[in-house]
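Step one of this worksheet: look at the structure below.
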Amino acid sequence: MLESYVFVNIFETKGLEYMLILIFLVGFIIFLRYFEIHKQ
Amino acid sequence: MNRRKFFKLAGISAAGLTEKLITSADAAGIPSTKQFIGVLNDTTKCIGCRNCEKACSEVNGMQVPDIENDNALEKERVTDEKQLSVVNKYKTDKGTVYIKRQCMHCWQPACAAACLTNALHKTEEGPIIWRSDKCMGCRYCMVSCPFDIPKFEYQSWNPRILKCDMCWKRIQQGAIPACVEACPSEALMFGLKKDLMEIARTRIYKHPKDYVSHVYGEYEVGGASWLYLSSVPFEQLGFRTDLGNTPYPEYTKEFLYAVPAIILILPPLLYGLHHITEPEDSEKK
Amino acid sequence: MEITAKKGIKFIISELKPRGELFTPFNIITIPIIALGLIIVAYRFVNGLGSVTNQSQIFAWGLWKGFNVVTGVAFAAGAYIVTFMVYVLRIKKYHSIVKATVLNGFLSYVFYAGALILDLGRPWNIINPIIGNSFGFNSVLFLVAWHFMLYIIAQFVEFSPTIAEWLERKKAKKFLQSLTLGAVVFGITLSLLHQSGLGALFMMAKSKIHPLWYSEFLPILFLASSVPAGLSMVILEGTISRRVFKDLYPKHSSKHLYEEIVFGLAKGAALSLFIYYFFKAIIFIHGRHWSHITDMWGVWYFIEVFGFVLLPCIMYANGYKNRSIGLIRLASLITIVGIMLNRLNISVISFYWNNPNHYYPSWQEYIVALMVISIQIWVFRWVVTRMPVFKESHH
Numbered sequence: 056m057l058e059s060y061v062f063v064n065i066f067e068t069k070g071l072e073y074m075l076i077l078i079f080l081v082g083f084i085i086f087l088r089y090f091e092i093h094k095q
Numbered sequence: 041m042n043r044r045k046f047f048k049l050a051g052i053s054a055a056g057l058t059e060k061l062i063t064s065a066d067a068a069g070i071p072s073t074k075q076f077i078g079v080l081n082d083t084t085k086c087i088g089c090r091n092c093e094k095a096c097s098e099v100n101g102m103q104v105p106d107i108e109n110d111n112a113l114e115k116e117r118v119t120d121e122k123q124l125s126v127v128n129k130y131k132t133d134k135g136t137v138y139i140k141r142q143c144m145h146c147w148q149p150a151c152a153a154a155c156l157t158n159a160l161h162k163t164e165e166g167p168i169i170w171r172s173d174k175c176m177g178c179r180y181c182m183v184s185c186p187f188d189i190p191k192f193e194y195q196s197w198n199p200r201i202l203k204c205d206m207c208w209k210r211i212q213q214g215a216i217p218a219c220v221e222a223c224p225s226e227a228l229m230f231g232l233k234k235d236l237m238e239i240a241r242t243r244i245y246k247h248p249k250d251y252v253s254h255v256y257g258e259y260e261v262g263g264a265s266w267l268y269l270s271s272v273p274f275e276q277l278g279f280r281t282d283l284g285n286t287p288y289p290e291y292t293k294e295f296l297y298a299v300p301a302i303i304l305i306l307p308p309l310l311y312g313l314h315h316i317t318e319p320e321d322s323e324k325k
Numbered sequence: 012m013e014i015t016a017k018k019g020i021k022f023i024i025s026e027l028k029p030r031g032e033l034f035t036p037f038n039i040i041t042i043p044i045i046a047l048g049l050i051i052v053a054y055r056f057v058n059g060l061g062s063v064t065n066q067s068q069i070f071a072w073g074l075w076k077g078f079n080v081v082t083g084v085a086f087a088a089g090a091y092i093v094t095f096m097v098y099v100l101r102i103k104k105y106h107s108i109v110k111a112t113v114l115n116g117f118l119s120y121v122f123y124a125g126a127l128i129l130d131l132g133r134p135w136n137i138i139n140p141i142i143g144n145s146f147g148f149n150s151v152l153f154l155v156a157w158h159f160m161l162y163i164i165a166q167f168v169e170f171s172p173t174i175a176e177w178l179e180r181k182k183a184k185k186f187l188q189s190l191t192l193g194a195v196v197f198g199i200t201l202s203l204l205h206q207s208g209l210g211a212l213f214m215m216a217k218s219k220i221h222p223l224w225y226s227e228f229l230p231i232l233f234l235a236s237s238v239p240a241g242l243s244m245v246i247l248e249g250t251i252s253r254r255v256f257k258d259l260y261p262k263h264s265s266k267h268l269y270e271e272i273v274f275g276l277a278k279g280a281a282l283s284l285f286i287y288y289f290f291k292a293i294i295f296i297h298g299r300h301w302s303h304i305t306d307m308w309g310v311w312y313f314i315e316v317f318g319f320v321l322l323p324c325i326m327y328a329n330g331y332k333n334r335s336i337g338l339i340r341l342a343s344l345i346t347i348v349g350i351m352l353n354r355l356n357i358s359v360i361s362f363y364w365n366n367p368n369h370y371y372p373s374w375q376e377y378i379v380a381l382m383v384i385s386i387q388i389w390v391f392r393w394v395v396t397r398m399p400v401f402k403e404s405h406h
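Chains as they are written, first to last, in our numbering: chain A, 56 to 95; chain B, 41 to 325; chain C, 12 to 406.
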């Protein structure tokens, strides 16, 4: 709200999001590996 | 001309409807040369007589409520396809407050942005009108409107979308909205929004004990043509105060802006993919 | 010339006649539904939408839009994914399922656009946004409507060589085949835009949808989830078709080859569900939604996310690894239910979640929704029993 002049941090969750994305990338690689192992 | 009449016409007499003014309101778009009109509802002056409801139904050719005997104030009502404006009673710690409800006539209306046939149309003067020859009855306006104002005739084979149009026909003929004309207590005032805002702010400054320091409709969902002054916080009066100040069409703007870019980029990309995956020996099929 | 025209008409009439047994279990269930549905539709056009639906001033969109249109289109996504794989990426493996998938997609769109007309209050004005006397450029629905129309045309072009083959028009077939790549490229573009567009439709209902389901990323979520939805539908449709239309498949069609296709699709579904799951998680954190998970809606949300996104993801992956067709089929079923839940959660269930007079569809709405699906399956059956849909066409 514009009229209530209080502190707001709109990037509060950015750190968590980046962490989650890193977890996702690692997880995605593991997941892809999971499919690959079968082929051998 | 008595004092009452003067107040009702505050904006018009001061500035005139067709005054050529450039607004800086929408820096991105082409500015309109017309100033928005609106209505200021000073709820501290409303006596709950419901003459506005009666006048509204008469003008719109609807069933006129029996305002003396129907005890409609006893429960909270919403506008519907049979009545485009309703008055509700709220018991607060500052006494009884009456709130007239109707279309807010937003500056950037969600309903008109949602309409795929431009049936709901924002006029340059401000009122949002509905055009029967265009509407296909998809009811996307009803889904989009944050105030749930457009109403649909579910019981008809040829249904209309019904909502307050600020008496657009009367305004074009130089008259003022019927509800404003019928108000006996100066609770409603018609004029240019910028003049109405001046009046509203002046009242808040001069009588800080009688008003909360907020004009509902000044910034809500980007601002509206219908403005409310009140003695108690608006959330106690059935107003949604969680809608934010972002104009609703902004929520779909980015998606709509992305569409041409995607149509530009994707087909060549797909064709390129098709091209580069061509087998090297290019065996003929 | 006249003789061929007469012949053609005779041919069409003879083909229009039903074939096969009339009293199959499927017919016995669907004929009453279709008959009743048609009566309800007729009644609705005379007495107004309110006479058969529970839609109200607050709940303006009900089951017909929420289920038939918004949900159905997600399941038709198989067409753009499979044509992408076959025509753009040239993965030959999936060529044998292209025709059935495109037909399924085409019919879905025709019937879901049809369901949209049933729900319109003033359907005679439907041409307004098309003929140009009232272009609502500012509307997401305008975009979706146009994309539906254009995509139906694109899919018809993609399917048309099969029709030409059925009518034994070799030259026409050759010409129509030359249009396929263009239609595919155009169709994929349109698909991406209107799959996400269906999500964007609900962006302006911000204050009405439960915060756990509303997000400014709704378009991306809809697009991301349309991939597993479409793939799951292809798997399910193939499973049913291979059982019901056994005789229509070529005699030497290898079971092994088909299973390889299913495994490939399962892998795609698993990966896309995995991505979709993380999308959900990022949006959950981005929206700071943890304050909403304490009540029943939180439980419902986690049932959707864990039970119908993460669980089928794991099942698909497991089914792929252990070569278990059964597990993959079960996963496809769960995914389909999950996507239905997700679309209905946004369009109906969590819409005005705090309103005491919440919308529940009337029995007439259910019947008409089922009628639309039934007719679609009837037409699908009519086409596949006549045209060479399941047979690999020789070039």
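Every residue, glycine too, gets a C-beta built ideally from N, C-alpha and C.
Here the structure is a predicted model, which is why all the values come from computation and not from measurement.
Problem set entry | C223 (chain B) versus K122 (chain B) - alpha carbon distance | The residue labelled residue 223 (chain B) in the question sits at position 183 within the second sequence. The residue labelled residue 122 (chain B) in the question sits at position 82 within the second sequence. Spanning the two alpha carbons is a distance of roughly 21 Å.
Exercise. Between the stretch 198–230 of chain C and chain B, which residues of the former have a C-beta closer than 8 Å to a C-beta of the latter?
Worked result: I199, T200, L203, L204, S207, G208, A211, L212, F213, M214, M215, A216, K217, S218, K219, E227 and P230
Problem set entry | Distance, L232 (chain B) Cα to N111 (chain B) Cα | As a working note, residue 111 (chain B) is residue 71 in the second sequence. As a working note, residue 232 (chain B) is residue 192 in the second sequence. Roughly 34 Å between the two C-alpha positions.
Exercise. Which residues of chain B have a Cβ atom closer than 7 Å to the Cβ of F153 (chain C), listed in chain order?
Worked result: Residue 153 (chain C) sits at position 142 when you count from the first residue of the third sequence. Residues of chain B passing the Cβ test: L156.
Exercise. Comparing the CB of C86 (chain B) with every heavy atom of the ligand MN, is any distance shorter than 7 Å?
Worked result: As far as ligands go, the structure on display features none, and thus does not contain the ligand MN.
Problem set entry | N- and C-terminal bounds of the beta strand (DSSP E) containing K85 (chain B) | As a position in the second sequence, residue 85 (chain B) is number 45, starting the count at 1. Run containing K85 (chain B): none; DSSP gives neither H nor E here.
For this session: Using 10 angstroms around the beta-carbon of E169 (chain C), count the other beta-carbons present and answer buried if the total reaches 16, otherwise exposed.
Result: Sequence index remark: in the third sequence, residue 169 (chain C) carries index 158 (1-based). Buried, since its Cβ has 16 or more Cβ neighbours within 10 Å.
Problem set entry | Backbone CA spacing between L228 (chain B) and F79 (chain A) [nearest angstrom] | In the second sequence, the residue the question calls residue 228 (chain B) occupies position 188. In the first sequence, the residue the question calls residue 79 (chain A) occupies position 24. Cα to Cα, L228 (chain B) sits roughly 58 Å from F79 (chain A).
For this session: List the residues of chain B that L131 (chain C) touches, going by C-beta distances under 9 Å, in chain order.
Result: Locating residue 131 (chain C) in the third sequence gives position 120, where the first residue counts as 1. By Cβ distance, chain B contributes M176, G177, C178 and R179.
Exercise. Taking C-alpha atoms, which residue in C:I20, C:L118, C:L190 and C:A175 lies nearest to A392 (chain C)?
Worked result: Indexing the third sequence from 1 puts residue 392 (chain C) at position 381. The sequence given here has Arg at residue 392 (chain C), not Ala. Ranking C:I20, C:L118, C:L190 and C:A175 by Cα distance to R392 (chain C) puts C:L118 first.
Exercise. Anyone know if the C-beta pair for V273 (chain C) and I336 (chain C) falls short of 8 Å?
Worked result: The count along the third sequence starts at 1 and reaches residue 273 (chain C) at position 262. The count along the third sequence starts at 1 and reaches residue 336 (chain C) at position 325. Yes, the pair counts as a contact, with Cβ atoms nearer than the cut-off.
For this session: Could I get the ranges of all uninterrupted beta strand (DSSP E) runs contained in the stretch 249–294 of chain B, with 3 residues as the minimum, in chain order?
Result: 266–269
Problem set entry | Distance CB(S283 (chain C))-CB(V81 (chain C)) smaller than 8 Å | Residue numbering aside, residue 283 (chain C) sits at position 272 when the third sequence is read from its first letter. Residue numbering aside, residue 81 (chain C) sits at position 70 when the third sequence is read from its first letter. Not in contact: S283 (chain C) and V81 (chain C) (Cβ atoms no closer than 8 Å).
Exercise. Is the beta carbon of S171 (chain C) sitting closer than 8 Å to the one on L283 (chain B)?
Worked result: Position 160 of the third sequence holds residue 171 (chain C). Position 243 of the second sequence holds residue 283 (chain B). The answer is no: Cβ separation not under 8 Å.
For this session: In angstroms with no decimal places, state the Cα-to-Cα distance between L236 (chain B) and V272 (chain B).
Result: Within the second sequence, the letter at position 196 stands for residue 236 (chain B). Within the second sequence, the letter at position 232 stands for residue 272 (chain B). Going from the Cα of L236 (chain B) to the Cα of V272 (chain B) covers about 20 Å.
Exercise. Which residues bound the beta strand (DSSP E) around I140 (chain B)?
Worked result: In the second sequence, the residue the question calls residue 140 (chain B) occupies position 100. Note that residue 140 (chain B) is Lys in the sequence shown, not Ile. Here the beta strand (DSSP E) through K140 (chain B) covers G135 to R141.
Exercise. In terms of DSSP beta bridges, what is W170 (chain B) paired with?
Worked result: In the second sequence, counting from the first residue as 1, residue 170 (chain B) sits at position 130. DSSP, once it has assigned bridges, lists B:L160 as partnering W170 (chain B).
For this session: Starting from M160 (chain C), trace the alpha helix (DSSP H) both ways and give me its first and last residue.
Result: As a position in the third sequence, residue 160 (chain C) is number 149, starting the count at 1. V151 to W177 is the extent of the alpha helix (DSSP H) around M160 (chain C).
For this session: Under 8 Å Cβ to Cβ from C89 (chain B), same chain only, skipping five residues before and after it: list those, please.
Result: Counted from its first residue, the second sequence places residue 89 (chain B) at position 49. Only I107, P224 and S225 meet the Cβ criterion.
For this session: Select from the stretch 246–274 of chain C all residues with a C-beta closer than 8 Å to any C-beta belonging to chain A, and list them in chain order.
Result: none
Exercise. Looking at C-beta atoms only, is the number of pairs between the stretch 199–212 of chain C and the stretch 171–190 of chain C that lie closer than 8 Å three or more?
Worked result: no
For this session: Keeping to the same chain, check which residues put their C-beta closer than 8 Å to that of I45 (chain C); ignore five residues upstream and five downstream.
Result: Against the third sequence, residue 45 (chain C) aligns to sequence position 34. For I45 (chain C), where only same-chain residues beyond five positions count, the Cβ hits under 8 Å are M382, S385, I386 and W389.
Exercise. Of all Cβ atoms in chain C, is any one closer than 8 Å to the Cβ of E91 (chain A)?
Worked result: For the purposes of this step, residue 91 (chain A) is identified with residue 36 of the first sequence, where counting begins at 1. Output row for E91 (chain A): interface = no.
Problem set entry | Cβ of V196 (chain C) within 8 Å of any chain B Cβ | Translated into the one-based positions of the third sequence, residue 196 (chain C) becomes position 185. Interface residue, yes.
Problem set entry | Contact set for P134 (chain C): own chain, Cβ-Cβ below 7 Å, skip 5 residues either direction | Position 123 of the third sequence, counted from the start, is the residue given in the question as residue 134 (chain C). Answer for P134 (chain C): I128, listed in chain order.
Exercise. Mind checking if Y331 (chain C) is an interface residue toward chain A, Cβ cutoff 8 Å exclusive?
Worked result: Taking the first residue of the third sequence as 1, we reach residue 331 (chain C) at position 320. Y331 (chain C) counts as touching chain A.
Problem set entry | Coil, strand or helix - N128 (chain B) by DSSP | Locating residue 128 (chain B) in the second sequence gives position 88, where the first residue counts as 1. Strand.
Problem set entry | Beta-carbon spacing of Q148 (chain B), C204 (chain B) below 8 Å | Here the question's residue 148 (chain B) lines up with position 108 in the second sequence. Here the question's residue 204 (chain B) lines up with position 164 in the second sequence. Not closer than 8 Å, so no.
Exercise. Is the Cβ of A65 (chain B) closer than 8 Å to any Cβ of chain C?
Worked result: Residue mapping note: residue 65 (chain B) aligns to position 25 of the second sequence, counting from 1. With a pLDDT of only 40 at A65 (chain B), under the threshold of 50, the placement of this residue in the model should not be trusted; the figure read from the coordinates follows. Cβ-Cβ to chain C under 8 Å: no for A65 (chain B).
Exercise. Who are the neighbours of F62 (chain A) on chain C, taking C-beta pairs under 9 Å?
Worked result: For this step, residue 62 (chain A) is matched to residue 7 along the first sequence. Correct list: empty, because the minimum Cβ distance to chain C is about 15 Å.
Problem set entry | Reduced DSSP category for F230 (chain B) - H, G, I as helix; E, B as strand; rest coil | Counting from 1 along the second sequence, the entry for residue 230 (chain B) is found at position 190. It is a strand residue.
Exercise. Do A194 (chain C) and A165 (chain C) have their CB atoms nearer than 8 Å?
Worked result: Here residue 194 (chain C) is taken as the residue at index 183 of the third sequence, counted from 1. Here residue 165 (chain C) is taken as the residue at index 154 of the third sequence, counted from 1. A contact, by the Cβ cut-off of 8 Å.
For this session: Give a yes or no on whether 8 Å exceeds the smallest Cβ distance from R392 (chain C) to chain B.
Result: Position 381 of the third sequence holds residue 392 (chain C). Taking Cβ atoms only, chain B never reaches closer than 8 Å to R392 (chain C), which makes this a no.
For this session: Identify, in the order they occur along the chain, each residue of the same chain with its Cβ nearer than 7 Å to the Cβ of A380 (chain C), setting aside the five sequence neighbours on each side.
Result: To locate residue 380 (chain C), count along the third sequence from 1; it is residue 369. The answer, listed in chain order, is L74, W75, F78 and N79.
For this session: Kindly indicate the opening and closing residues of the alpha helix (DSSP H) around V310 (chain C).
Result: Numbered from its first residue, the third sequence carries residue 310 (chain C) at position 299. Residues M307 to F313.
Problem set entry | Three-way DSSP call (helix, strand, coil) for K325 (chain B) in this model | Start at 1 with the first residue of the second sequence, and residue 325 (chain B) comes out as number 285. Low confidence applies to K325 (chain B): its pLDDT is 46, below 50, so where it sits in the model is not reliable enough to give any reading.
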